[in-house]
Amino acid sequence: MATSAANSYLIVGAGCFGASTARYLKTTYADADVVIVDSAPFPNPVAASHDLNKIIRAEYEDIMYMRLALEALDAWSADPVLRPYFHKTGVVWGVTPTRARELVHGYEDILGQGGSPVELLGVDEARARFPILGQCELQGASNCLWNPHAGWGDAASALQAVIQDAVDHGVRHEVATVAKANLDEENLNASRREVLAAEIL
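Sequential numbering of the sequence shown, starting at 1, is according to full-length UniProt numbering.
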């Protein structure tokens with residue numbers, strides 16, 4: 001049985017959220033005891049973030065998601081652990097005029113007037129600039145948005161790198177199946193043993 005301490009954290013699941021939270025906690029609070037419990041060695045192939053690739057972009061109508069995505073884009077571009085797995089190819093979206101306006105307004109709410117990184121193109125203009133679009137139907141789209149700052153991430157490799165960096169900084173990764181979490185007492189039963197922590201995430 002582990003001993004609970006005031007600065008101990010137990011994280012259930014080592015996907016994108018669990019891995020990044022563990023890494024953040026350990027780099028922010030170096031003396032904290034941080035444990036990740038997951039059902040398989042990392043990177044867990046059943047995690048949603050274990051994938052060949054993910055589009056890294058900030059084109060969300062919800063301003064909160066856009067703000068978070070912009071922070072994530074900064075991390076993908078600057079963090080030495082993530083940067084090798086980010087491929088800044090840009091992205092083209094087929095959009096309606098209404099959606100285009102909403103996205104531009106969202107960017108400008110966050111980045112200021114004129115701060116939107118996206119360029120509005122006509123469908124024919126987009127096809128001329130990006131021949132790979134060829135005869136794509138782009139159903140329902142009367143315009144295209146081009147964002148040169150977006151790209152794609154090698155998701156599984158990035159996930160493994162984040163967990164490995166967390167482990168290298170002192171996070172413990174344990175393979176176990178969680179049977180029950182007792183949030184009132186901040187403990188859980190994992191593979192027939194009890195694990196305690198001040199905080200369970």
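Every residue gets a Cβ at the ideal spot worked out from N, C-alpha and C, and that includes glycine.
Task: Spatial distance of residue 136 from residue 93 (CA atoms) - done: On the sequence shown, residue 136 is found 136 positions in, with the first residue counted as 1. On the sequence shown, residue 93 is found 93 positions in, with the first residue counted as 1. Each residue's alpha carbon lies about 12 angstroms from the other.
Task: Contact check, residue 59 vs residue 150, beta carbons under 9 angstroms - done: Counting from one through the sequence shown, the residue named residue 59 turns up at place 59. Counting from one through the sequence shown, the residue named residue 150 turns up at place 150. Contact flag set, yes.
Open item on the list: My output table needs one value for residue 2: the three-state DSSP class, helix, strand or coil.
Closed with: Taking the sequence shown and counting its residues from 1, the one referred to as residue 2 is at position 2. With a pLDDT of 45 at residue 2, under the threshold of 50, the modelled position of that residue is not reliable, and the figure given next carries that caveat. Reduced to three states, the DSSP call for residue 2 is coil.
Task: Beta-carbon gap between residue 166 and residue 173 smaller than 9 angstroms - done: Your numbering for residue 166 matches position 166 in the sequence shown. Your numbering for residue 173 matches position 173 in the sequence shown. The answer is yes: Cβ separation under 9 angstroms.
Open item on the list: Under DSSP, the beta strand (DSSP E) around residue 38 begins and ends at which residues?
Closed with: To locate residue 38, count along the sequence shown from 1; it is residue 38. Counting along the chain, the beta strand (DSSP E) containing residue 38 begins and ends at 33 to 38.
Open item on the list: Measuring only the C-alpha atoms, how far is residue 73 from residue 55?
Closed with: As a first step, residue 73 must be located in the sequence shown, where it is residue number 73. As a first step, residue 55 must be located in the sequence shown, where it is residue number 55. Looking at the two C-alpha atoms, the distance is approximately 11 angstroms.
- [ ] Check whether the Cβ atoms of residue 37 and residue 8 sit closer than 9 angstroms, and answer yes or no.
- [x] On the sequence shown, residue 37 is found 37 positions in, with the first residue counted as 1. On the sequence shown, residue 8 is found 8 positions in, with the first residue counted as 1. Against a cut-off of 9 angstroms, the Cβ pair of residue 8 and residue 37 comes out as no contact.
Open item on the list: Any beta carbon from chain C within less than 9 angstroms of residue 72's own beta carbon?
Closed with: Although the question refers to chain C, the structure presented lacks it and comprises just one protein chain.
Open item on the list: Taking 8 angstroms as the limit between beta carbons, can you name the residues of its chain near residue 40, skipping five residues before and five after?
Closed with: Start at 1 with the first residue of the sequence shown, and residue 40 comes out as number 40. Excluding residues within five positions, the ones whose Cβ falls inside 8 angstroms are 46, 175.
TODO: Report the rounded CA-to-CA distance for residue 129 versus residue 118, giving the unit in angstroms.
DONE: Here residue 129 refers to the residue found at position 129 when the sequence shown is read from its first residue. Here residue 118 refers to the residue found at position 118 when the sequence shown is read from its first residue. Between residue 129 and residue 118, the alpha-carbon positions lie close to 15 angstroms from each other.
- [ ] From the DSSP output, in three-state form, read off residue 42 for me.
- [x] Position 42 of the sequence shown, counting from 1, holds the residue named residue 42. Residue 42: coil per DSSP, three-state reduction.
Open item on the list: I want to know whether the segment 97 to 116 touches the segment 142 to 149 - three or more CB-CB distances under 8 angstroms.
Closed with: yes
Task: Enclosing alpha helix (DSSP H) for residue 162 [first to last residue] - done: Your numbering for residue 162 matches position 162 in the sequence shown. Residue 162 -> alpha helix (DSSP H) spans 155 to 168.
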